[in-house]
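S.K.:
In our numbering, the protein residues as written are 2 to 259.
Shown next as structure tokens:
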């Protein structure tokens, strides 16, 4: 098995540039400046802009869009970016709404992204539940993604907007990615229940993926996040797991040797 380097650059919120095997992918593009989108039925207010612009990021091979129905995962500028990329992987429902270059994937469905020189990257959709049991009719469909170089799922797991539940645990039973990107922040847009992972969920993931490096994103930039990256790191440190969590500085590439 050849050695590879995975480089992650946090742009802000759920948006991160993934560079691996010569491929460049972007998660959930959000590039709008701060501002209020709407007050009801859920308040969507952005409090910080991106660390990098689309122009600074450059050409992409594709977008990993966990879902298209929430502004904090696909804002106006992010939506405008989609037609400029070769392919957007997303939910089956989202692909129907977006059309164009969108490809919908069911959980555990795998596609191959191929380069002109024969390089390939396995892209596998993973189950996600955007909140507590029963939330699906309100929150809509969400997927996460696994990336694989030598075989499906051997490189990176992007959880997407989900809590830790049976579907995410099934990912851990089936795959052993080297790096896990957790969508955290303990989002509470609708009341005192979480729509994304809190520190308990993240610690569950650390236990389920004992050999993976963990990074946390989507925990700043919006008013509905209730747990910061610093608070998450404190929880890990309290339980003696500080070394499991690798911090990402906005706009700064972070390499991982695979």
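In this text, a Cβ means the ideal position worked out from N, Cα and C, and glycines have one as well.
(1) Name the two residues that bound the continuous beta strand (DSSP E) containing residue 238.
(2) Let's test the definition: count the other Cβ atoms within 10 Å of the Cβ of residue 2 and tell me whether it reaches 16, buried, or not, exposed.
(3) Can you round the beta-carbon distance between residue 220 and residue 163 to whole angstroms, since I take them to be within the 8 Å contact cut?
(4) Of the choices 166, 141 and 173, whose alpha-carbon is the least far from that of residue 147?
(5) Once you ignore the five residues that flank residue 228 on each side, which residues in its own chain have a CB closer than 8 Å to its CB?
(6) Which word fits residue 48, buried or exposed, when buried means at least 16 other C-beta atoms lie within 10 angstroms of its C-beta?
(7) Residue 159 and residue 65 - do their beta-carbons sit closer together than 8 Å?
(8) Who are the Cβ neighbours of residue 34 in its own chain at under 6 Å, not counting the five residues just before and after it?
(9) Tell me whether the beta-carbon of residue 31 lies closer than 8 Å to the beta-carbon of residue 73.
(10) Just how far apart, CA to CA, sit residue 243 and residue 151?
(11) Can you name the start and end residues of the alpha helix (DSSP H) that residue 98 belongs to?
(12) Would you kindly work out how many angstroms separate the C-alpha atoms of residue 1 and residue 249, rounded to a whole number?
(13) Can you check whether the CB of residue 161 is closer than 8 Å to the CB of residue 67?
(14) Taking 8 Å as the CB-CB limit, is residue 147 close to chain C?
(15) Report yes if the C-beta distance between residue 101 and residue 91 is below 8 Å; otherwise report no.
(16) Could you check if residue 208 is buried or exposed, using at least 16 other CB atoms within 10 Å of its CB as the buried criterion?
(17) At the level of alpha carbons, what is the spacing between residue 215 and residue 247?
(18) Can you check the stretch 41-110 for any beta strand (DSSP E) of at least 3 residues that lies completely inside it and give the ranges in chain order?
(19) Mind checking residue 190: buried by the 16 CB within 10 Å criterion, or exposed?
M.R.: By the coordinates alone:
(1) Taken as a continuous stretch (DSSP letters only), residue 238 belongs to no beta strand (DSSP E), being part of the alpha helix (DSSP H) at 230-239.
(2) Legend: pLDDT at residue 2 = 49, less than 50; position of this residue unreliable, value from coordinates given subsequently. Flag for residue 2 reads exposed.
(3) At roughly 14 Å, the Cβ-Cβ gap does not stay under 8 Å, so residue 220 and residue 163 are not in contact.
(4) Comparing Cα positions, the closest option is 173.
(5) Spatial neighbours of residue 228 in its own chain (CB-CB distance under 8 Å, excluding positions within 5 residues in sequence) are listed in chain order as 185, 186, 187, 199, 200 and 220.
(6) Residue 48 should be labelled exposed.
(7) Closer than 8 Å, so yes.
(8) Hits under 6 Å: 50.
(9) Yes, these two residues count as a Cβ contact at 8 Å.
(10) Near 30 Å, if we compare the C-alpha coordinates of residue 151 and residue 243.
(11) Secondary structure note for residue 98: its alpha helix (DSSP H) is the uninterrupted segment 93-99.
(12) No answer is possible for residue 1: the residues shown for the chain start at 2 and end at 259.
(13) Yes, these two residues count as a Cβ contact at 8 Å.
(14) Of the protein chains in this structure there is only one, and it is not chain C.
(15) The answer is no: Cβ separation not under 8 Å.
(16) With a 10 Å radius around the Cβ and a threshold of 16 neighbouring Cβ atoms, residue 208 comes out exposed.
(17) Looking at the backbone, the Cα of residue 215 and that of residue 247 are separated by about 6 Å.
(18) You should have 45-47, 63-65, 89-91 and 103-105.
(19) Counting Cβ neighbours within 10 Å, residue 190 comes out buried, since at least 16 surround it.
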